[in-house]
Amino acid sequence: MLAEFQKPVWERAGVNFLERRAISLEGVRFLGCTLWSGFDLYGADKADAYMNVAKRRINDYR
């Protein structure tokens, strides 16, 4: 019982924070991770062009 009280409030309420964790619900495995984009991978001078392409083609950047 003591271990249950040591959990964060959000976890006791049934909320799962998936930063570098995984959880299975009804046979489906969910993986949590930080998402980032390295737009300057091929040089800082090209980063703006790659960001514009992402805005046009990837819903998450709109």
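Mapping of the sequence shown onto the numbering used here: residues 6 to 67, in sequence order.
No residue lacks a Cβ here, since even glycine has one placed at the ideal position from N, Cα and C.
(request) Compute the beta-carbon to beta-carbon distance between Arg25 and Gly37, rounded to the nearest angstrom, for a pair I have assumed lies under 8 Å. (result) 7 Å
(request) Could you tell me which residues DSSP puts in a beta bridge with Arg34? (result) Ser29
(message) Using CA atoms only, rank isn't needed, just tell me which of Phe22, Glu31 and Gly32 is closest to Thr39.
(response) Phe22
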